[in-house]
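Residue numbers (this note's numbering), protein chains in the order written: chain A, 1 to 166; chain B, 1 to 784.
Note that beta-carbon positions come from the ideal geometry of N, C-alpha and C, so glycine has one too.
Every value quoted in this text rests on a predicted model; they were computed, and no experiment measured them.
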Ligand code: FES
Ligand code: FES
């Protein structure tokens, strides 16, 4: 057993884990955060994607012990209370999900992309999500959803003109 | 008094999905998310060989491994008469192998342990002594003289043949061919593919030792039918079985059958008195659960001097794997393949089909398809394109000349279907216009002159979906109706319970919209429940695009029943005669004085508080709907593709899809289904295939080898609609979940063949991979 400390969605957890335990299993079974899914366990599908220090990683291909001392974000950490992240709003508005199984991974990749590149082209979006498979929706609506999120972020960043409505 | 105006969310509105709320927050409730107190975990030992006799199994080391609670073998199951189970096609399938293994990945033994890690560890300690036998990996090998007998377990089975089946009129077809001016022939293999939903299959079996009640959480597209099958297989009384299908991460047919893991987990829970979870990993999913297609098809199309189609002859060889486990209506051995005359008025047709056992996984599920309609549609659309190319006339012209005309509906096909409605010309003309067909043909001629390879593919599919009616269509004898139960609460909010079960199609929104339309209760106020057999009326489940045709109709009918009662109540409240009341969505008013009105919410309250003398309280009802006929969605898809002369790489430049699925209840969701299907269709055409080496080793056992389409290589899809209502469906709707996977593969392949035809390339079997195209180009001296 190894003792590790991980900060997940802003909350610090101290855990004893077997060294062989996959990060995805720790997140799902030890922390009970079941929004992170398993679709393949061979690094192909991206359903298990989480953010490690803000960067997308496939948690089926990392050991829990490798996350020791680091900061993780899962889908449960996207919204601020009842306020959805722009990416979540985008997926809802543009019908970017059907069964929802790929959606957490897709959204986390999208959120990380928009942090780096607030105004990505469709091609840049497609490249960013090319490690995430969706079997139901196809990718056209997912690309639209991420563009929608980019617009929402841009609108929110607009400083409100002094004196109110212009 | 101010009246709050709330959006109704009725038919035709692109209401945003209700179910998104939980999925967006990571609060979905998928099978693997479930943990019960005291729950054990199961893992399955699978055969490494495609065909081998089991000499002995030694489980002693595994039994003693840390955390192991039980090791289950076929021998143990046989003591409880559970070593074999029936399939959906009336065959038998081994739950755990006792005598032989018959495909690679077959279930041999199970370990139940405190954790999945421990169960997997213990699998390594089971020692199986196999005597390896020669493997059969194609129906051609299976039928060869002296081929090893795969199913020696079956009394009287002398060879590997499973069934022979025919449809249509052989003599009439022969006569048509005898008089033909031109016969076009195509032999092609529709490869074995896999639905591969992103969530694999699984179960949490929880048999309560005190009551004996089995609560089975299961990734099931058809929970009620599965309950009945379980009752019959396990001999448990049906009221003691409760199937709960939670949120499902995609199904596409893969989650229709009963798999051995379900049976063993249930038996283990029963014997151990603790809940048992089993969830497949991806490899288990791809190598052992329901595959799709694997049809070897030869089609011949006869045409007269005017290029009219006069006859169609098809012969099929079906590779069914080691157990005949196709999920399909029991009367039809090759599913609904006899829709193969497609969108064309072909007076004579005949189909013969033969199924064979091979040493491959069983399944034969319809991957986003209504029981083999995909194979049929692919064959006819490939044949028609080849016919046009051989005759030197335009692909669209040959189709327009031979389409069933609008005035011919209802149309009886040569193989016995009665098509409900269609306007194939209109859909094709819209596709041509949106694509800019004529301009692209000119561009193609210019490019050809420069030696470039550009093709335009066309497919004008017709599907047959929405089974029943129940007299013709049944699953293991269960008539294929479906159901809806609607309860309106005193405050005017409602719960709708369905016999079908979503896997992502958006039932919780679409079906609420039907209630909104028919009963005037806003869709936001209607909660849709499904998937729990103790809590929903009996139904056959969601597959074959049948939810809207069957349960959608049931929802409309039950809503109308309640509206009839509501009218009586309104008349009572308004002290008016029923005949004097007018209905407009959400309220009744007295004809001529619209201010004398009662809303459906007021009426609902009265149903519990203020009833006319003698009326039964409450406002609820249930309807079982057995449709009078199938529905026949159709459309035209057009694909523009460029082929690289040097590498054989196919780049799909444009896809225009015109779909006609009748009335669209939620256009956004309908479009979403088509988008998803076009993407999967791209995968089938270009990348997806489960292959086997000569020893029967499955090549395609993970997502590194079984290639699903990604965002990077798939194109944009341009979608358009025409609307030709179904005359027999209460809402005029037809079902759409599978149109694009059915229709698009032929369009993609036709584009490639159209590009390569001048070089003499008449066919490339799917998946059309760069190496196949490259080889075809090289063989004709093309390269750079
Ligand atoms: S589960 Fe991690 S990539 Fe598929
Ligand atoms: S929505 Fe089902 S896999 Fe993406």
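Taking 9 Å as the threshold, the shortest C-beta distance from residue 70 of chain B to chain A does not fall below it. Residue burial annotation: residue 285 of chain B is buried, with at least 16 other C-beta atoms found within 10 angstroms of its C-beta. Taking C-beta atoms as the reference points, residue 455 of chain B and residue 776 of chain B fail to come closer than 9 Å.
Under the DSSP assignment, residue 65 of chain A falls outside any beta strand (DSSP E); it carries neither an H nor an E label.
In this model, residue 647 of chain B and residue 779 of chain B are separated by some 13 Å (Cα to Cα). Excluding the 5 residues flanking it on each side, residue 118 of chain A has same chain C-beta neighbours closer than 7 Å at 150, 153, 154, in chain order.
Distance from the CA atom of residue 685 of chain B to the CA atom of residue 264 of chain B, rounded to whole angstroms, is 37 Å. Look at the region 65-89 of chain A: the residues with a C-beta under 7 Å from a C-beta of chain B are 74, 75, 76, 79, 84, 88.
Annotation for residue 494 of chain B: 486, 487, 488, 515, 519, 521, 525, 526, 527 place their beta carbon closer than 8 Å to its own, counting only its chain and skipping 5 residues before and after. Taking the Cα positions, residue 52 of chain A is about 8 Å away from residue 67 of chain A. For residue 110 of chain B, the uninterrupted beta strand (DSSP E) run begins and ends at 107-113, by DSSP.
The distance from the Cβ of residue 107 of chain A to that of residue 75 of chain A is about 6 Å, consistent with a contact at the 8 Å cut-off.
In this structure, the alpha-carbon of residue 695 of chain B lies about 37 Å from that of residue 217 of chain B.
Looking at the DSSP output, residue 317 of chain B shares a beta bridge with B:296, B:354.
Against chain A, the CB of residue 686 of chain B has no partner CB under 9 Å away; the residue lies outside that interface. In terms of CA proximity to residue 142 of chain A, B:715 leads the group B:12, B:165, B:715, B:105. Within the same chain, 86, 87, 120, 146, 149, 150, 153 come within 8 Å of residue 114 of chain A by CB-CB distance, once the 5 residues on both sides are set aside. Residue environment: residue 333 of chain B is assigned as buried (16 or more neighbouring CB atoms within 10 Å of its CB, all protein chains considered). Taking a C-beta distance under 9 Å as the contact criterion, residue 320 of chain B and residue 357 of chain B qualify as a contact pair. Note on geometry: alpha-carbon atoms of residue 43 of chain A and residue 110 of chain A lie some 18 Å from one another. The continuous beta strand (DSSP E) containing residue 460 of chain B extends over residues 453-462. Counting of Cβ neighbours within 10 angstroms places residue 211 of chain B among the exposed residues, the total staying below 16. Looking from the CA of residue 476 of chain B, the closest CA among B:590, B:277, B:228 belongs to B:228.
Relative to residue 620 of chain B, the option among B:630, B:468, B:612, B:608 whose CA is nearest is B:608. For residue 58 of chain A, the CB falls within less than 8 Å of some heavy atom of ligand 1. Residues 757 of the same chain have their beta carbon placed closer than 6 Å to that of residue 389 of chain B, with the five preceding and five following residues left out of the count. A buried status is given to residue 247 of chain B, since no fewer than 16 other beta-carbon atoms sit within 10 Å of its beta-carbon. In the three-state scheme derived from DSSP, where H, G and I count as helix and E and B as strand, residue 676 of chain B is classed as helix. For the region 128-146 of chain A, residues whose beta-carbon sits nearer than 9 Å to a beta-carbon of chain B comprise 128, 129, 130, 131, 132, 133, 134, 135, 136, 137, 138, 139, 140, 141, 142, 143.
Its Cα nearest to that of residue 318 of chain B, the residue B:376 stands out among B:32, B:376, B:309. For the pair residue 744 of chain B and residue 661 of chain B, the Cα-to-Cα distance works out to about 15 Å. Annotation: the continuous alpha helix (DSSP H) that includes residue 143 of chain A extends over 140-157. Membership of residue 218 of chain B in the beta strand (DSSP E) is indicated by the continuous run 214-218. Non-local beta-carbon contacts of residue 90 of chain B in its own chain, meaning distances under 7 Å to residues more than five positions away in sequence, involve 330 in chain order. With a cutoff of 8 Å, residue 54 of chain B does not count as near ligand 1, since its C-beta is closer than that to no heavy atom of the ligand. The residues 39, 133, in chain order, have a CB closer than 6 Å to that of residue 45 of chain A in the same chain once the five nearest residues on each side in sequence are set aside.
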